[in-house]
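*Asks:*
2 protein chains.
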Amino acid sequence: MNSQQDDAPLTLRDVAAAAGVSLATADRVVNGRPGVSEKTARKVNEAVQRLGFRPLAAAAELARARSWRFGVVLPRGSNRFMLDIADNIRAQADWFRARRIAVEIVETDVFDADTLAAELAGLPGRFDGVAVVALDHPRIRAAIDDLVAAGMAVVTLVSDSPSSRRHHYIGIDNIAAGRTAGSLVGRFLGPPRGDGAGGSIGIVTGSGSLRDHAERRFGFGQVMAEEYPHLTRLTPVEGRDDPERNRALVRRMIADTPDLVAIYNTGEGSIGIGEALAEAGLARKILCVGHELTPATRRMLLDGTFAALVAQDPGHEVRSMARVLHALVSGQEIIAAQEHIRVEVILRDNLP
Amino acid sequence: MNSQQDDAPLTLRDVAAAAGVSLATADRVVNGRPGVSEKTARKVNEAVQRLGFRPLAAAAELARARSWRFGVVLPRGSNRFMLDIADNIRAQADWFRARRIAVEIVETDVFDADTLAAELAGLPGRFDGVAVVALDHPRIRAAIDDLVAAGMAVVTLVSDSPSSRRHHYIGIDNIAAGRTAGSLVGRFLGPPRGDGAGGSIGIVTGSGSLRDHAERRFGFGQVMAEEYPHLTRLTPVEGRDDPERNRALVRRMIADTPDLVAIYNTGEGSIGIGEALAEAGLARKILCVGHELTPATRRMLLDGTFAALVAQDPGHEVRSMARVLHALVSGQEIIAAQEHIRVEVILRDNLP
DNA sequence: GGCGTTTTGAGGTGCGCAACTCAAATCGTG
DNA sequence: CACGATTTGAGTTGCGCACCTCAAAACGCC
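Chains as they are written, first to last, in the working numbering: chain Z, 5 to 356; chain F, 5 to 356.
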């Protein structure tokens, strides 16, 4: 016979009673409204602690009774990965609607700082929260800071602008991703031949100005220099994530590099690399490691053209973006561990 | 000047109006209550479709106004990974409280079918939903089916009982995990020596009766036989996830196997393997691949004793368990993609 | 047409909280 | 002590939905 029926859900009323104050005062403290003496506030906070009170999420949300408008700024007409992001946003439509969140995808030329900055400048008023695939550029940094200053919740997506005041970055550590690719290449190639030579590694990259690609090259180079000095890194070639350009570049790379043993693609358009290798009869002969899981890379992983992919889960990123923006605007807590985006290694055997 | 103020949140009342029925009738249809003619139900469902109505999650949850009791059946006094699971459950306490969910961890001897079955038999009435680290055994299957028959939401955690009627399995595909480990070992060892010999691979496993370990061995063996026939697999030795036993076993393995080139541990207690190798001065000389990220395996990954880990994220599993059980008991939808637990490959470079 | 049955409508209640108003009590200060 | 300022209490409203009751209407059948 317990004197306290313990299933009784703990409400703010209980906290007020325990603290010896009225519901109104407890509410003022919990919601940070003014007009409460420090002493009283302390009493209430102690009661909250002692009883382990948490406002019921559903009730809080319902009572706030407002809707949110989120904008997601994505590169226009972009690669498969960005299309996946967009698809995942649409797939989350129900989740958003059930939370009174209206999401609008804003397509723009992310790669031009002025265009992107202008686009960002037009967002306040239209949205309560914004996710943006950022460029690491002073003008973008300033534009993002302006958004934050305007009271919007701002997260960077996939590509960060770390010096800005964005509230959160949702994406992977691209240096770690590059290092991981480096380790895979080094390990898969095995120890140097008898004469100490290891061969050359071609590096295909999107563009020099994208922070994520630059970081991947950096991480890759770090590991190579430290751990596999017998391997030669060729100068990175820029295919701008375009399969056709990549194909041409790899074709030339093959012709120019007799001891080519591996190719690392920091970005998209891996299919072009696979095609160039197939043309030359070198598929599965030259070790390939790339990024992101797409229908094309999946196929090449299965047929052995690519040995491994270093990837990030766009579904996770979109859900994380949704949760983080929602938590930011509605003042909820963010579960850091849940929002950490992992650098995934995908082999043929653990394809999702 | 839009005639329809589009920010007006769509409520059930709007649906009722659009369908030309009363709120009560619309409510009956949406919540599957009886006493509505088929014709009327169709009208309402059409309106729901047409308007894209979703009940506001917060309001629905609040209105249901009930609390849930979940039980999580874990092996008693178990290994680091299971302790991580328990820790993550405790770390989710706030999340649970905010949803009026009381979680109780039930420790028992999971490895004895009778004990586990008896424990499960005592759960109905105590809980609304149960997550259980299952054994694949007819008696457990029957016990799980009884829970489901008693109206409980039941998910298996980490280790499945696929023939049972459990509503959901939360864990990885262990065959894929074993295959992944096999590919890593095969790739990392590189091509056979000139004489075609590849060396021997030791396999350390927990126990023959655990389904997850058996599946990992199976997947590992598959890949080895298919892709790396030049490598010899030694007969698996059972260390019951105990570091001390593993150490003794590996010590003997080293002594008995001159051409030992790699060790694969399907389970826990990897630290014992590292110690045995260090004693023999073979750390980093023999390729090691194991499972699960723990403080010990993290350390050995960093110092190079282990080349890679195949892992599952206990945090993700616990969150997924919470979401799935909550969705099951409260009749919500489950986002399959979100609940899929990935087979992760962890190298030194992508350590979370 | 009259009966019983099924279907529908109208309305109420409460979930826990946020946000507000207004009056009462308390406080500090001269 | 008196004054105004600050703090506190009491109470109300509404968020959107689930769930319930009761009466009215429509229906099917003989």
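In this text, a Cβ means the ideal position worked out from N, Cα and C, and glycines have one as well.
#1: Is it right to say Asp260 (chain Z) is buried, meaning 16 or more other beta carbons lie within 10 angstroms of its own, or is it exposed?
#2: Taking Thr44 (chain Z) as part of the alpha helix (DSSP H), name the residues at either end of that continuous run.
#3: Within the region 260–308 of chain F, note down every full beta strand (DSSP E) run reaching 3 residues or more, in order along the chain.
#4: Using C-beta distances below 7 Å, list every residue in its chain close to Glu111 (chain F), excluding the 5 sequence neighbours before and after it, in chain order.
#5: Name, please, each residue of chain F whose Cβ falls closer than 9 Å to the Cβ of Arg237 (chain Z).
#6: Grouping DSSP H, G and I as helix and E and B as strand, with all else coil, what is Asp10 (chain Z)?
#7: Rounded to a whole number of angstroms, what is the C-alpha to C-alpha distance between Arg84 (chain F) and Gly271 (chain F)?
#8: Would you say Pro13 (chain Z) lies against chain F (beta-carbon separation less than 7 Å)?
#9: Of all the options F:Val40, F:Leu55, F:Pro38, which has the alpha carbon lying nearest to the alpha carbon of Ile16 (chain F)?
#10: Is there contact between the region 139–153 of chain Z and the region 296–315 of chain Z, where contact requires at least three CB pairs shorter than 8 Å?
#11: With 7 Å set as the bound, which would you pick, yes or no: does the beta-carbon of Asp353 (chain Z) sit closer than that to a beta-carbon of chain F?
#12: If you measure beta-carbon to beta-carbon, which residues of the region 289–321 of chain Z are closer than 9 Å to chain F?
#13: Would you mind reading off the limits of the alpha helix (DSSP H) that contains Arg327 (chain Z)?
#14: Identify, in the order they occur along the chain, each residue of the same chain with its Cβ nearer than 7 Å to the Cβ of Pro128 (chain F), setting aside the five sequence neighbours on each side.
#15: Our contact map puts Leu65 (chain F) next to Ala62 (chain Z) with C-beta atoms below 8 Å; I'd like the distance itself, whole angstroms only.
#16: Based on DSSP bridge pairs, tell me the residues matched to Thr119 (chain F).
#17: Output the distance between the C-alpha atoms of Ile174 (chain F) and Gln342 (chain Z), rounded to the nearest integer angstrom.
#18: Should Asp116 (chain Z) go down as buried or exposed, given a rule of 16 or more other Cβ atoms within 10 Å for buried?
#19: Taking C-alpha atoms, which residue in Z:Thr298, Z:Asp31, Z:Ala146 lies nearest to Val48 (chain Z)?
#20: Assign Ser7 (chain F) to buried or exposed, taking buried as 16 or more other Cβ atoms, counted over all protein chains shown, within 10 Å of its Cβ.
#21: State the Cα-Cα distance for the pair Thr236 (chain Z) and Asp164 (chain Z), rounded to the nearest angstrom.
#22: Which runs of the beta strand (DSSP E) at least 3 residues long sit entirely within the region 87–140 of chain Z? Give them in chain order.
#23: According to the Cβ coordinates, are Ala106 (chain F) and Arg70 (chain F) closer than 7 Å?
#24: Could you tell me whether any non-hydrogen atom of the ligand SAM is closer than 6 Å to the CB of Thr270 (chain F)?
#25: Mind checking whether Asn178 (chain F) and Glu219 (chain F) have CB atoms under 7 Å apart?
#26: If you reduce the DSSP assignment to three classes, tell me which class His344 (chain Z) lands in.
#27: Would you say Ser324 (chain Z) reaches chain F, if we count a Cβ-Cβ gap shorter than 7 Å as a contact?
#28: Is the separation between the beta-carbon of Leu297 (chain Z) and that of Ile350 (chain Z) shorter than 7 Å?
#29: Expressed to the nearest angstrom, what Euclidean distance is found between the alpha-carbon atoms of Ile148 (chain F) and Leu291 (chain F)?
#30: Give the secondary structure of Ile258 (chain F) by DSSP, where H, G and I count as helix, E and B as strand, and everything else as coil.
#31: Can you tell me whether Leu306 (chain F) is buried or exposed, with buried defined as 16 or more other CB within 10 angstroms of its CB?
#32: Would you list, in sequence order, the uninterrupted beta strand (DSSP E) runs of no fewer than 3 residues that lie entirely inside the region 198–250 of chain F?
#33: Look at the alpha carbon of Thr301 (chain F) and the alpha carbon of Ile275 (chain F), and state the distance between them as a whole number of angstroms.
#34: Comparing the C-beta of Gly36 (chain Z) with each C-beta of chain F, is any distance below 7 Å?
#35: For Glu65 (chain F), return the contacting residues in chain Z, with the cut-off set at a CB-CB distance below 7 Å.
#36: Inspect the CB distances between the region 191–208 of chain Z and the region 184–202 of chain F and report whether three or more fall short of 8 Å.
*Replies:* In terms of the structure at hand:
#1: For this step, residue 260 (chain Z) is matched to residue 256 along the first sequence. Around the beta carbon of Asp260 (chain Z), fewer than 16 other beta carbons lie within 10 angstroms, which makes this residue exposed.
#2: Indexing the first sequence from 1 puts residue 44 (chain Z) at position 40. First-last of the alpha helix (DSSP H) with Thr44 (chain Z): 42–55.
#3: The region 260–308 of chain F contains these whole beta strand (DSSP E) runs: 264–269, 291–295.
#4: Within the second sequence, residue 111 (chain F) is the residue found at index 107, counting from 1. Closer than 7 Å at Cβ, skipping near neighbours: Leu78, Arg80.
#5: Residue numbering aside, residue 237 (chain Z) sits at position 233 when the first sequence is read from its first letter. Chain F residues near Arg237 (chain Z): none, gap ~17 Å exceeds 9 Å.
#6: What you label residue 10 (chain Z) is simply residue 6 of the first sequence in a count that begins at 1. Here Asp10 (chain Z) scores only 43 on pLDDT, less than 50, and its place in the model should not be relied on; the value that follows carries that caveat. Note: Asp10 (chain Z) maps to coil in three-state DSSP.
#7: Within the second sequence, numbered from 1, the residue matching residue 84 (chain F) stands at position 80. Within the second sequence, numbered from 1, the residue matching residue 271 (chain F) stands at position 267. The C-alpha of Arg84 (chain F) lies about 11 Å from the C-alpha of Gly271 (chain F).
#8: Sequence index remark: in the first sequence, residue 13 (chain Z) carries index 9 (1-based). Yes - at least one Cβ of chain F is within 7 Å of the one on Pro13 (chain Z).
#9: Stepping through the second sequence from its first residue, residue 16 (chain F) is reached at position 12. With the sequence shown as reference, residue 16 (chain F) is identified as Leu, and Ile is not the correct amino acid for it. Nearest to Leu16 (chain F) by alpha-carbon distance, out of F:Val40, F:Leu55, F:Pro38, is F:Leu55.
#10: Three or more Cβ pairs closer than 8 Å define a contact, and the region 139–153 of chain Z falls short of that threshold against the region 296–315 of chain Z.
#11: Here residue 353 (chain Z) refers to the residue found at position 349 of the first sequence. Cβ-Cβ to chain F under 7 Å: yes for Asp353 (chain Z).
#12: For the region 289–321 of chain Z, the residues whose beta carbon sits under 9 Å from a beta carbon of chain F are, in order, Ala311, Ala312, Val314, Asp317, Gly319, His320.
#13: Counting from one through the first sequence, the residue named residue 327 (chain Z) turns up at place 323. That run of the alpha helix (DSSP H) goes 318–333.
#14: Taking the first residue of the second sequence as position 1, residue 128 (chain F) is located at position 124. Within the same chain, Pro128 (chain F) has close Cβ partners Leu151, Ala154, Met156.
#15: Along the second sequence, one-based indexing puts residue 65 (chain F) at 61. Along the first sequence, one-based indexing puts residue 62 (chain Z) at 58. This sequence places Glu at residue 65 (chain F); Leu is not what is there. Between Ala62 (chain Z) and Glu65 (chain F) the Cβ distance is about 4 Å, and since that is below 8 Å, they are a contact.
#16: Taking the first residue of the second sequence as 1, we reach residue 119 (chain F) at position 115. BP columns for Thr119 (chain F) are empty, so no partner.
#17: Against the second sequence, residue 174 (chain F) aligns to sequence position 170. Against the first sequence, residue 342 (chain Z) aligns to sequence position 338. If you take the alpha carbons of Ile174 (chain F) and Gln342 (chain Z), they lie about 16 Å apart.
#18: Residue numbering aside, residue 116 (chain Z) sits at position 112 when the first sequence is read from its first letter. So Asp116 (chain Z) ends up on the exposed side.
#19: As a working note, residue 48 (chain Z) is residue 44 in the first sequence. Of the listed residues, the one whose Cα sits closest to Val48 (chain Z) is Z:Asp31.
#20: Here residue 7 (chain F) refers to the residue found at position 3 when the second sequence is read from its first residue. Note that Ser7 (chain F) scores 31 on pLDDT, short of 50, meaning its location in the model is unreliable; the coordinates nonetheless yield the value given after this. By the neighbour-count rule (16 or more Cβ atoms within 10 Å), Ser7 (chain F) is not buried but exposed.
#21: By 1-based counting over the first sequence, the position of residue 236 (chain Z) is 232. By 1-based counting over the first sequence, the position of residue 164 (chain Z) is 160. Annotation: Thr236 (chain Z) to Asp164 (chain Z) spans about 30 Å, alpha carbon to alpha carbon.
#22: As far as the region 87–140 of chain Z is concerned, its whole beta strand (DSSP E) runs of at least 3 residues are 105–112, 133–136.
#23: Numbered from 1 along the second sequence, position 102 holds the residue referred to as residue 106 (chain F). Numbered from 1 along the second sequence, position 66 holds the residue referred to as residue 70 (chain F). In this structure, Arg70 (chain F) does not lie closer than 7 Å to Ala106 (chain F) by Cβ.
#24: The model depicted lacks the ligand SAM and carries no ligand whatsoever.
#25: As a first step, residue 178 (chain F) must be located in the second sequence, where it is residue number 174. As a first step, residue 219 (chain F) must be located in the second sequence, where it is residue number 215. Closer than 7 Å, so yes.
#26: The residue given as residue 344 (chain Z) occupies position 340 in the first sequence. Of the three classes helix, strand and coil, the one that applies to His344 (chain Z) here is coil, per DSSP.
#27: Translated into positions along the first sequence, residue 324 (chain Z) becomes position 320. For Ser324 (chain Z), the answer is no, since every Cβ of chain F falls outside 7 Å of its Cβ.
#28: Numbered from 1 along the first sequence, position 293 holds the residue referred to as residue 297 (chain Z). Numbered from 1 along the first sequence, position 346 holds the residue referred to as residue 350 (chain Z). Pairing Leu297 (chain Z) with Ile350 (chain Z) gives a Cβ-Cβ distance under 7 Å.
#29: Stepping through the second sequence from its first residue, residue 148 (chain F) is reached at position 144. Stepping through the second sequence from its first residue, residue 291 (chain F) is reached at position 287. So the alpha carbons of these two residues sit roughly 40 Å apart.
#30: Position 254 of the second sequence, counted from the first residue, corresponds to residue 258 (chain F). Helix.
#31: Counted from its first residue, the second sequence places residue 306 (chain F) at position 302. When all chains shown are included, Leu306 (chain F) counts as exposed.
#32: Counting only runs of 3 or more, we get 204–209.
#33: Residue numbering aside, residue 301 (chain F) sits at position 297 when the second sequence is read from its first letter. Residue numbering aside, residue 275 (chain F) sits at position 271 when the second sequence is read from its first letter. The straight-line gap from Cα to Cα measures roughly 7 Å.
#34: Taking the first sequence and counting its residues from 1, the one referred to as residue 36 (chain Z) is at position 32. Judged by the 7 Å Cβ criterion, Gly36 (chain Z) is not in contact with chain F.
#35: Here residue 65 (chain F) is taken as the residue at index 61 of the second sequence, counted from 1. Per Cβ cutoff of 7 Å: Ala62.
#36: A contact exists between the region 191–208 of chain Z and the region 184–202 of chain F.
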